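Residue numbers (the working numbering): 1 to 51.
Read through the structure below, which is laid out as structure tokens, and then see the notes.
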Amino acid sequence: MITLTELIQFTSLLISVAGLFYLIGKDNHGKKITANLGIGDYLVIINQLSG
């Protein structure tokens, strides 16, 4: 069974990722490379926090 805390963290993660992709979609093509690197760094941070 999933706890309330886990549900809140998961929901917050989904919102954060959706927001990142929204911001990347708004950027022009020249900025997409740095935005993708930012997502990679963000995922590494998430993995360290959840581990």
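The C-beta atom is built at its ideal place from N, Cα and C for all residues, glycine as well.
Note that the structure is predicted; figures quoted are calculated from it, not measured.
How many Å lie between residue i and residue j at the Cα?
| i | j | result |
| --- | --- | --- |
| leucine 20 | isoleucine 8 | 18 Å |
| valine 17 | glutamate 6 | 16 Å |
| threonine 3 | isoleucine 15 | 19 Å |
| phenylalanine 10 | serine 50 | 11 Å |
| isoleucine 24 | methionine 1 | 35 Å |
| glutamine 48 | serine 12 | 16 Å |
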